[in-house]
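Read through the structure below, which is laid out as structure tokens, and then see the notes.
2 protein chains.
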Amino acid sequence: MTTVNALSEVAALMGDPARAAMLSLLMDGRAHTASDLALAAGVTAQTASGHLGRMAEANLLAVRAQGRNRFYRLASGDVAHAIESLMALAGTRAQPASRSAAWRRDPDLRFCRTCYDHLAGQVGIAVTDSLTQHGHLEPKGSHDWKLTPSGELFCMRVGVDLGGARQATTRHFARQCLDWSERRPHISGALGSAIADTFFKKGWAEKLRRGRTVRLTDSGRRAMTRDFGASV
Amino acid sequence: MTTVNALSEVAALMGDPARAAMLSLLMDGRAHTASDLALAAGVTAQTASGHLGRMAEANLLAVRAQGRNRFYRLASGDVAHAIESLMALAGTRAQPASRSAAWRRDPDLRFCRTCYDHLAGQVGIAVTDSLTQHGHLEPKGSHDWKLTPSGELFCMRVGVDLGGARQATTRHFARQCLDWSERRPHISGALGSAIADTFFKKGWAEKLRRGRTVRLTDSGRRAMTRDFGASV
DNA sequence: ATGATAGTTCGGTATACACCGAACCATTGA
DNA sequence: TCAATGGTTCGGTGTATACCGAACTATCAT
Chain A
24 MTTVNALSEV AALMGDPARA AMLSLLMDGR AHTASDLALA AGVTAQTASG HLGRMAEANL
84 LAVRAQGRNR FYRLASGDVA HAIESLMALA GTRAQPASRS AAWRRDPDLR FCRTCYDHLA
144 GQVGIAVTDS LTQHGHLEPK GSHDWKLTPS GELFCMRVGV DLGGARQATT RHFARQCLDW
204 SERRPHISGA LGSAIADTFF KKGWAEKLRR GRTVRLTDSG RRAMTRDFGA SV
Chain B
24 MTTVNALSEV AALMGDPARA AMLSLLMDGR AHTASDLALA AGVTAQTASG HLGRMAEANL
84 LAVRAQGRNR FYRLASGDVA HAIESLMALA GTRAQPASRS AAWRRDPDLR FCRTCYDHLA
144 GQVGIAVTDS LTQHGHLEPK GSHDWKLTPS GELFCMRVGV DLGGARQATT RHFARQCLDW
204 SERRPHISGA LGSAIADTFF KKGWAEKLRR GRTVRLTDSG RRAMTRDFGA SV
């Protein structure tokens, strides 16, 4: 009885085409915004919101509010496993699903991209790691960083507009942003944005025309080695 | 696209409470009649028929027509696996589902029971094995047996009403019946029925009041050893 | 043949729910 | 403060489908 209902309920959640499309996208293991998922499912934001709420309620998805975005991801490996076995049943290969595979396989995107207004991917992680390893940045709480005195000096030296970043009073200064291709936090918030601006202003990096991919220039690579002590 | 639709379709099939109840029952690995499944799902025979047809169409179930019954079972281990992982998601233990567990755990029922009008379970298998090993019975086609001349003599010796069995012209004479607790064929049809009758008439076995369980008597055990060369 | 049982097909009803428009709340940046 | 953006809540509409009654086919027993 109970066990049967539980089975039908979770299966029914996956049984809707829009929800299945969302789950399919989430099978890449990354977190996606509600808008992103709405687009993937081909429904409006309202409809998507309803779907996402129900799946989160049923513990199929986990949510993390970040700024004005809400990131949804699969709640556990068990969920991914169940979806995978259903996909296998349908005679289709599970993991290399067309859309998410394109993401995963794009090495440039994994290497460096914008995440909102700051840097993500391997470069974003490398920058953050460098700052923490040199004692410029310390974790503060579970969602923020603290910029140390040595960190302030470092920023001034490499030309990060700290003053501008501090003027944005309504914005979080140094935020931890989870990177879902690297599965580790990188720096965001006003400071993260200012750091990214520095990269673009100094010609260390440049945005590609389409998408979120960012190209690290030769001088950018040199700066990574020279200023951050990181080889990427 | 295609992969997404396939996911939602198979999930939707499992997402209906009635179908989930049927699948749950079928998780015991045995084959069940349409009526049986309708009862388990709490729906009428018509409704159940529709559900079963759709699941068979989608290759979730396999069907085997046997007499006027149609036996449905899970089409593959993959199907069971998918159901299991969904049940796990729902936080419920998968295998020991209340109803089927009762079946499985009843050693008397596994030992000997009626299957329609003939003997099944370990005793049914033992009788059939004895007949084939002594050359009394030979497989004929994929669904029937052939009673050899020595088999006729054997039947006459132990008192099986062969004449009566042969009179039932409209009925299959010696049929292979799949035994889903033993996963091997045993003898059914008119001959199987006649053999079972012999067991009851001679006091070798007796039906219990409720259910399909059959008790093998002491003289029945002696007969199994003496006449069939089998120890059960 | 006749009646009984297992199963399916067909038609109509009723309920569940996915969907969107509109309004609303929260966060952000000027 | 205000405007912009991301997300959610609410109400009404439309479609999909589960359900059953009734009629039908196939198998089996007398």
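Chains as they are written, first to last, in my numbering: chain A, 24 to 255; chain B, 24 to 255.
C-beta atoms are modelled at their ideal positions from N, C-alpha and C, and glycine is treated no differently.
Leaving out five residues on either side along the sequence, give the residues of the same chain with a beta carbon under 7 angstroms from the beta carbon of R42(B).
Within the second sequence, the letter at position 19 stands for residue 42(B). L36, H74 and M78, listed in sequence order.
Looking at chain A, is there any beta carbon in it that lies within less than 8 angstroms of the beta carbon of A124(B)?
On the second sequence, residue 124(B) is found 101 positions in, with the first residue counted as 1. Low confidence applies to A124(B): its pLDDT is 43, below 50, so where it sits in the model is not reliable, and the reading given next is rough at best. Answer no: the Cβ-Cβ gap between A124(B) and chain A never drops below 8 angstroms.
What does the alpha-carbon distance come out to for the pair D152(B) and T221(B)?
As a first step, residue 152(B) must be located in the second sequence, where it is residue number 129. As a first step, residue 221(B) must be located in the second sequence, where it is residue number 198. Between D152(B) and T221(B), the C-alpha separation is close to 18 angstroms.
H55(A) at chain B interface by Cβ criterion, 8 angstroms
For the purposes of this step, residue 55(A) is taken as the residue at position 32 of the first sequence. No, H55(A) lies away from the interface with chain B (no Cβ there is under 8 angstroms from its Cβ).
Near-chain A residues of the region 99 to 112 of chain B - C-beta to any C-beta below 9 angstroms:
S99, D101, V102, H104, A105, I106, E107, S108, L109, M110, A111 and L112
So if I threshold CB-CB distances at 8 angstroms, which residues from the region 29 to 43 of chain B count as touching chain A?
A29, L30, S31, E32, V33, A34, A35, L36, M37, G38, D39, P40, R42 and A43
Between A143(B), G144(B), G164(B) and L170(B), which lies nearest to Q156(B) when the distance is taken from Cα to Cα?
Taking the second sequence and counting its residues from 1, the one referred to as residue 156(B) is at position 133. If we check each option's Cα against that of Q156(B), L170(B) comes out closest.
Pick helix, strand or coil for R93(B), following the three-state DSSP scheme.
Position 70 of the second sequence, counting from 1, holds the residue named residue 93(B). R93(B): strand per DSSP, three-state reduction.
For a contact defined as C-beta to C-beta under 7 angstroms, what are the partners of V66(A) on chain B?
In the first sequence, counting from the first residue as 1, residue 66(A) sits at position 43. Per Cβ cutoff of 7 angstroms: no residues; V66(A) is ~13 angstroms from chain B at best.
Quick check on K225(A): does DSSP put it in helix, strand or coil?
As a position in the first sequence, residue 225(A) is number 202, starting the count at 1. Coil, per DSSP.
Nearest neighbour of L142(A), chosen from A217(A), K225(A) and M45(A) [CA to CA]
Numbered from its first residue, the first sequence carries residue 142(A) at position 119. Residue A217(A) is the option with its Cα nearest to L142(A).
Against chain B, with Cβ distances strictly below 8 angstroms, would T115(A) count as a contact?
Taking the first sequence and counting its residues from 1, the one referred to as residue 115(A) is at position 92. With a pLDDT of 41 at T115(A), under the threshold of 50, the predicted position of this residue should be treated as unreliable, though the coordinate-derived value follows. Closer than 8 angstroms to some Cβ of chain B, the Cβ of T115(A) qualifies, so yes.
For chain A, find out if any of its Cβ atoms is closer than 8 angstroms to the Cβ of V27(B); answer yes or no.
The residue labelled residue 27(B) in the question sits at position 4 within the second sequence. Cβ-Cβ to chain A under 8 angstroms: yes for V27(B).
Cα-Cα, which of E32(A), K225(A) and A81(A) is closest to S242(A)?
Here residue 242(A) corresponds to residue number 219 of the first sequence, with the count starting at 1. Ranking the options by Cα distance to S242(A), first place goes to K225(A).
Taking the beta carbon of L176(B) as the centre, do at least 16 other beta carbons fall within 10 Å, making it buried, or is it exposed?
Taking the second sequence and counting its residues from 1, one reaches residue 176(B) at position 153. Under this definition L176(B) is an exposed residue.
Whole-angstrom distance between V150(A) and V237(A), CA atom to CA atom:
By one-based count along the first sequence, residue 237(A) stands at place 214. By one-based count along the first sequence, residue 150(A) stands at place 127. Using only the alpha carbons, I get a separation of about 14 angstroms.
Any idea which residues DSSP pairs A88(B) with across the strands?
Numbered from 1 along the second sequence, position 65 holds the residue referred to as residue 88(B). According to DSSP, which records beta bridges pairwise, A88(B) is partnered with R93(B).
Burial state of A198(B), where buried means 16 or more other Cβ atoms lie within 10 Å
Position 175 of the second sequence, counted from the start, is the residue given in the question as residue 198(B). A quick correction: the sequence has Arg, not Ala, at residue 198(B). Answer is buried; the Cβ neighbour count reaches 16.
Presumed contact (8 angstroms Cβ cut-off) between L48(A) and A68(A), rounded CB distance
Taking the first residue of the first sequence as 1, we reach residue 48(A) at position 25. Taking the first residue of the first sequence as 1, we reach residue 68(A) at position 45. About 15 angstroms; that fails the 8 angstroms criterion.
For S99(A), which of S58(A), F223(A) and M50(A) has the nearest alpha-carbon?
Within the first sequence, the letter at position 76 stands for residue 99(A). Checked all of S58(A), F223(A) and M50(A); the closest Cα to S99(A) is M50(A).
Per-residue burial, G38(A) [other beta carbons within 10 Å of its own, 16 or more giving buried]:
Numbered from its first residue, the first sequence carries residue 38(A) at position 15. By the 10 Å Cβ count, G38(A) comes out buried.
As an exercise, report each continuous beta strand (DSSP E) stretch of at least 3 residues that is fully enclosed by the region 146 to 178 of chain A, in chain order.
160 to 163 and 167 to 170
Is R136(A) helix, strand or coil when you go by DSSP?
Residue numbering aside, residue 136(A) sits at position 113 when the first sequence is read from its first letter. If DSSP states are grouped into helix, strand and coil, R136(A) belongs with the strands.
Determine the contact status of A88(A) and D140(A), defining contact as a CB-CB distance below 8 angstroms.
Mapped onto the first sequence, residue 88(A) falls at position 65. Mapped onto the first sequence, residue 140(A) falls at position 117. No, these two residues do not count as a Cβ contact at 8 angstroms.
Would you kindly report the start and end of the unbroken beta strand (DSSP E) that includes H141(B)?
Taking the first residue of the second sequence as 1, we reach residue 141(B) at position 118. Taken as a continuous stretch (DSSP letters only), the beta strand (DSSP E) holding H141(B) covers H141 to A143.
Any idea what DSSP makes of H104(B), helix, strand or coil?
Translated into positions along the second sequence, residue 104(B) becomes position 81. Helix at H104(B).
Could you check if L239(A) belongs to the surroundings of the ligand SAM, using beta carbon to heavy atom distance under 7 angstroms?
The model on display carries no ligand, and the ligand SAM is accordingly not part of it.
Can you name the residues that DSSP bridges to V237(A)?
Taking the first sequence and counting its residues from 1, the one referred to as residue 237(A) is at position 214. V237(A) pairs with K230(A).
Which residues mark the beginning and the end of the alpha helix (DSSP H) in which M78(A) is found?
In the first sequence, the residue the question calls residue 78(A) occupies position 55. It spans A68 to E80 - the alpha helix (DSSP H) in which M78(A) sits, taken as one unbroken run.
First and last residue of the uninterrupted alpha helix (DSSP H) at L83(B)
Taking the first residue of the second sequence as 1, we reach residue 83(B) at position 60. Unbroken run through L83(B): none, as it is neither H nor E.
For a quick check, are the C-beta atoms of A71(A) and L60(A) less than 8 angstroms apart?
What you label residue 71(A) is simply residue 48 of the first sequence in a count that begins at 1. What you label residue 60(A) is simply residue 37 of the first sequence in a count that begins at 1. Yes, Cβ-Cβ distance for A71(A) and L60(A) is below 8 angstroms.
Under the rule that 16 or more other beta-carbon atoms within 10 Å means buried, what is S108(B), buried or exposed?
For the purposes of this step, residue 108(B) is taken as residue 85 along the second sequence, with counting starting at 1. Label assigned to S108(B): buried.
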